[in-house]
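To keep things clear, I will list the structure first and then write my remarks on it.
There are 2 protein chains.
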Amino acid sequence: MKIDIEKLKKIVGANNVSDDIADLYVYASDASVHHALPTAVVRPKTIEEVQKIMRYANANKIPVVPRGAGSGTSGHTVPIDGGIVLDMKQMNRILDIRPEDMLIKVEPGVVDDDLNRALKPLGLFYPPAPASSRIATIGGEIAANASGVRSVKYGATRDYVYGMKVVLANGDLVNLGSNTRVHSSGYQLERLIVGSEGTLGVVVEATMGIRPLPKYRCLAVANFDKLQDAGNAISDIISSGCEPSMLELMDKIGIIAVNKAMDLGLKEVGAIILFEADGNVKEAVDFEIEKMKKICKKHNGKDIKKSYDLVERTKLFSGRKKLFASLSQYKE
Amino acid sequence: MKIDIEKLKKIVGANNVSDDIADLYVYASDASVHHALPTAVVRPKTIEEVQKIMRYANANKIPVVPRGAGSGTSGHTVPIDGGIVLDMKQMNRILDIRPEDMLIKVEPGVVDDDLNRALKPLGLFYPPAPASSRIATIGGEIAANASGVRSVKYGATRDYVYGMKVVLANGDLVNLGSNTRVHSSGYQLERLIVGSEGTLGVVVEATMGIRPLPKYRCLAVANFDKLQDAGNAISDIISSGCEPSMLELMDKIGIIAVNKAMDLGLKEVGAIILFEADGNVKEAVDFEIEKMKKICKKHNGKDIKKSYDLVERTKLFSGRKKLFASLSQYKE
Numbered sequence: 001m002k003i004d005i006e007k008l009k010k011i012v013g014a015n016n017v018s019d020d021i022a023d024l025y026v027y028a029s030d031a032s033v034h035h036a037l038p039t040a041v042v043r044p045k046t047i048e049e050v051q052k053i054m055r056y057a058n059a060n061k062i063p064v065v066p067r068g069a070g071s072g073t074s075g076h077t078v079p080i081d082g083g084i085v086l087d088m089k090q091m092n093r094i095l096d097i098r099p100e101d102m103l104i105k106v107e108p109g110v111v112d113d114d115l116n117r118a119l120k121p122l123g124l125f126y127p128p129a130p131a132s133s134r135i136a137t138i139g140g141e142i143a144a145n146a147s148g149v150r151s152v153k154y155g156a157t158r159d160y161v162y163g164m165k166v167v168l169a170n171g172d173l174v175n176l177g178s179n180t181r182v183h184s185s186g187y188q189l190e191r192l193i194v195g196s197e198g199t200l201g202v203v204v205e206a207t208m209g210i211r212p213l214p215k216y217r218c219l220a221v222a223n224f225d226k227l228q229d230a231g232n233a234i235s236d237i238i239s240s241g242c243e244p245s246m247l248e249l250m251d252k253i254g255i256i257a258v259n260k261a262m263d264l265g266l267k268e269v270g271a272i273i274l275f276e277a278d279g280n281v282k283e284a285v286d287f288e289i290e291k292m293k294k295i296c297k298k299h300n301g302k303d304i305k306k307s308y309d310l311v312e313r314t315k316l317f318s319g320r321k322k323l324f325a326s327l328s329q330y331k332e
Numbered sequence: 001m002k003i004d005i006e007k008l009k010k011i012v013g014a015n016n017v018s019d020d021i022a023d024l025y026v027y028a029s030d031a032s033v034h035h036a037l038p039t040a041v042v043r044p045k046t047i048e049e050v051q052k053i054m055r056y057a058n059a060n061k062i063p064v065v066p067r068g069a070g071s072g073t074s075g076h077t078v079p080i081d082g083g084i085v086l087d088m089k090q091m092n093r094i095l096d097i098r099p100e101d102m103l104i105k106v107e108p109g110v111v112d113d114d115l116n117r118a119l120k121p122l123g124l125f126y127p128p129a130p131a132s133s134r135i136a137t138i139g140g141e142i143a144a145n146a147s148g149v150r151s152v153k154y155g156a157t158r159d160y161v162y163g164m165k166v167v168l169a170n171g172d173l174v175n176l177g178s179n180t181r182v183h184s185s186g187y188q189l190e191r192l193i194v195g196s197e198g199t200l201g202v203v204v205e206a207t208m209g210i211r212p213l214p215k216y217r218c219l220a221v222a223n224f225d226k227l228q229d230a231g232n233a234i235s236d237i238i239s240s241g242c243e244p245s246m247l248e249l250m251d252k253i254g255i256i257a258v259n260k261a262m263d264l265g266l267k268e269v270g271a272i273i274l275f276e277a278d279g280n281v282k283e284a285v286d287f288e289i290e291k292m293k294k295i296c297k298k299h300n301g302k303d304i305k306k307s308y309d310l311v312e313r314t315k316l317f318s319g320r321k322k323l324f325a326s327l328s329q330y331k332e
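Line by line, the protein sequences give chains A and B. For the first sequence, the numbering used here gives the first residue as 1, with consecutive numbering after it. For the second sequence, the numbering used here gives the first residue as 1, with consecutive numbering after it.
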């Protein structure tokens, strides 16, 4: 594919374009099993630059694949037909935080954990965090409709999108949705963009919902000899009207993989369930945790541990956090 | 407009088609200010009937406007170009309730309050209820992206849609989304349908999220001499990380209108705020209510009353519940 590198350098600056093979390899894969070399990598810093790149690519029939951290597992950042990979990580400003509306406005390259670090001192958080939140960008999470361990209570990315600026394939900039939480006029195209994996346009700005950070979080783990029992416990927890802020299952292969990769010394039982409750009142968090503990016990759950302490919780959770990476290097 | 009434009668039965002027008048308006007579009213009972009607209308270029209860305020059920009004109220079966997945499957004509009456004994509820929930149908709520007083905590209709069967203009039946809560493949067309006011197709089945019904609800009201103070209290409540399950403001005109229409004897102050908290643990509900009371007082709120009792809560809320109807008959 013929790409005019000099033209792209004029748009974004010489440092922000590369067709060096070493650079291209970096952008050839993500956390999926797919792999394909782009023809060039371009790193825009402004909406106008994105528009100019898209206009050039459109006029010359060059495919463009937007990319955040490349931590997605569905392969949506892999340039299967070559062309331009648009690295959005430099557009990483938090433009606005409006606690009175529980809304933020961000550029797509903002990293999830950075966003939550900025929100924490204000007693706020952005809930959908996937396991890769340390590197995942909000733009990538929108593209993938990312969800995470707290989505069982707080929902996925799609539940947090209210407004968006999107650059279309022809370079046009469109405003979708609104800057408010309540709006019902027109088609909700902003939610159509969620999960569209960059195929409908390049998200260059997003207005997203946030939530008050709960004061207490209590995490518990339960071991099960039988996977079936653990599955039944989960069904029972949900149908009993519990409101876990996390409810995760690790099966035996997962446990063994994590032990091998991290030497955690987890008991290699049939399955582990991790369950969390959160809230501003300890009695209410206790109530939820005790209710879920009881259900686990009913389904032969054992060795149940719980903790409110951040360090202890992080330790209890470390196996689940590294599950995906551990499985990728697991051999029987 | 020429419509073959006999043909429609063959599809849905003679009792389910009308071009009688008295019937047409009933379908000429909704809760909006708009008004237009349809050419015929058709009441299907099955998906196949809807498909046949759409095929006939499409072949003959006859506009079709789907309609639930006609309680919408945006005029989306008014047939501005005449044609067929498709009354969906006979397709009113609750097809499935799955507490273990917190999902239900319903036909579009199910009335919101009927759905919640079916869910209540199971300890569940469908939260987005608009003020018209006594008559509003789920299909109409999807068409309008309806929200209600509890949307401040629980979100609008769009946050509850997971899967859908839709009959397109040409009569084709399409499955959108999924029967599960977690799905990220393909475009999320099911959420594009939400708020599209019947313009993209006829929703004939929907898989919707539900929530556990909280054990306690506490409603409080506060009077304010100045509207500005009430507005500031609301901003402060939201930005302080409170989680009201309802947060409504009535201004002076609203209060006077309700008093005139219902003789409620509300104090005709500058504004009233109604705020509610809910949860399974009374301490937590109390905590939220007391936090919001304190904020109201800080902004000169007074005469604060609160109640956990359903009868008392219904009384406190009756003014707000009838606000829309009262305003419609209000004269200065």
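Positions of the beta carbon are idealized from the N, C-alpha and C atoms, including for glycine. These figures come from a predicted structure and were not determined experimentally.
query                                                                                                                                                                                              : result
Please report whether the beta-carbon of residue 164(B) lies at a distance below 8 Å from any beta-carbon of chain A.                                                                              : no
Tell me where the alpha helix (DSSP H) around residue 87(A) begins and ends.                                                                                                                       : Premise fails: residue 87(A) lies in the beta strand (DSSP E), 84-87, not in any alpha helix (DSSP H).
Please name the residue or residues paired with residue 93(A) in a DSSP beta bridge.                                                                                                               : Its beta-bridge partners do not exist; DSSP assigns none.
Taking its Cβ as the centre, do 16 or more other Cβ atoms sit within 10 Å of residue 246(B), making it buried, or is it exposed?                                                                   : buried
Could you work out which residues of chain B lie near residue 159(A), taking near to mean beta carbons separated by less than 8 Å?                                                                 : 155, 159
Identify each residue in the region 194-208 of chain B for which the Cβ-Cβ distance to at least one residue of chain A is less than 7 Å, and report them in chain order.                           : 194, 195, 196
Is the number of C-beta pairs between the region 164-184 of chain B and the region 67-85 of chain B that are closer than 8 Å three or more?                                                        : no
Considering only residues of the region 160-238 of chain A, which uninterrupted beta strand (DSSP E) runs meet the minimum length of 3 residues and lie entirely inside it, listed in chain order? : 161-167, 173-177, 202-209, 216-224
With C-beta atoms as the reference, is residue 293(A) less than 8 Å away from residue 205(A)?                                                                                                      : no
Tell me the DSSP bridge mates of residue 53(A)?                                                                                                                                                    : According to DSSP, residue 53(A) bridges with nothing at all.
Would the beta-carbon of residue 134(B) be found less than 7 Å away from any heavy atom of the ligand MN?                                                                                          : With respect to small molecules bound, the structure shown includes none, and the ligand MN cannot be examined in it.
I'd like the span of the alpha helix (DSSP H) that includes residue 276(A), first residue to last.                                                                                                 : No alpha helix (DSSP H) contains residue 276(A), which is instead part of the beta strand (DSSP E) from 271-279.
Go ahead and label residue 25(B) buried or exposed: buried means 16 or more other beta carbons lie within 10 angstroms of its beta carbon, across all protein chains shown.                        : exposed
Could you run through the region 91-114 of chain A and flag, in chain order, every residue whose CB is less than 8 Å away from some CB of chain B?                                                 : 99, 100, 101, 102
Just the C-alpha distance for residue 170(B) and residue 86(B), rounded to the nearest angstrom, thanks.                                                                                           : 15 Å
So with CB distances below 7 Å, who are the chain A contacts of residue 279(B)?                                                                                                                    : 284
Taking Cβ positions, are residue 94(B) and residue 1(B) nearer each other than 8 Å?                                                                                                                : no
On the three-state DSSP scale, how would you describe residue 282(B)?                                                                                                                              : helix
Using the beta-carbon count (16 or more within 10 Å), is residue 314(B) buried or exposed?                                                                                                         : exposed
Near residue 275(B), which residues of its chain fall below 6 Å by C-beta distance, leaving aside the five closest residues on each side in sequence?                                              : 220, 244, 247, 292
Report the residue ranges of all alpha helix (DSSP H) runs contained in full by the region 22-77 of chain B; include only those spanning at least 4 residues, in chain order.                      : 47-59
Return the chain-ordered list of same chain residues with a C-beta closer than 6 Å to the C-beta of residue 303(A), the five sequence neighbours on each side being excluded.                      : 223
Do residue 17(A) and residue 36(A) have their C-beta atoms closer together than 8 Å?                                                                                                               : no
Going by Cα to Cα distance, which pick from 82(A), 174(A), 257(A), 14(A) is closest to residue 29(A)?                                                                                              : 82(A)
Which bits of chain A does residue 192(B) rub up against, with CB to CB less than 9 Å?                                                                                                             : 187, 188, 189, 191, 192
Once the 5 residues before and after residue 295(B) are set aside, which same chain residues still bring their CB inside 7 Å of it?                                                                : 233, 236, 237, 240
Tell me residue 157(A)'s beta-bridge partners as DSSP assigns them.                                                                                                                                : Beta-bridge pairing links residue 157(A) to no other residue.
Is the beta carbon of residue 226(B) sitting closer than 8 Å to the one on residue 270(B)?                                                                                                         : yes
From the DSSP output, which residues share a beta bridge with residue 18(A)?                                                                                                                       : 41(A)
Give me, in chain order, the residues of the same chain whose beta-carbon lies closer than 6 Å to that of residue 27(B); leave out the 5 immediate sequence neighbours on both sides.              : 38, 41, 85
Can you pull the chain B residues whose beta carbon is under 9 Å from the beta carbon of residue 179(A), in chain order?                                                                           : Those do not exist, as residue 179(A) stays about 15 Å from chain B at its closest Cβ, beyond 9 Å.
Mind checking who residue 307(B) pairs with in its DSSP beta bridge?                                                                                                                               : 219(B)
Should residue 288(A) be labelled buried (16 or more other beta-carbon atoms within 10 Å of its own) or exposed?                                                                                   : buried
Verify the CB distance criterion: does residue 287(B) have a CB-CB separation below 8 Å to chain A?                                                                                                : yes
Can you find a C-beta in chain A that's less than 8 Å from the C-beta of residue 243(B)?                                                                                                           : yes
Helix or strand or just coil, what does DSSP make of residue 313(B)?                                                                                                                               : helix
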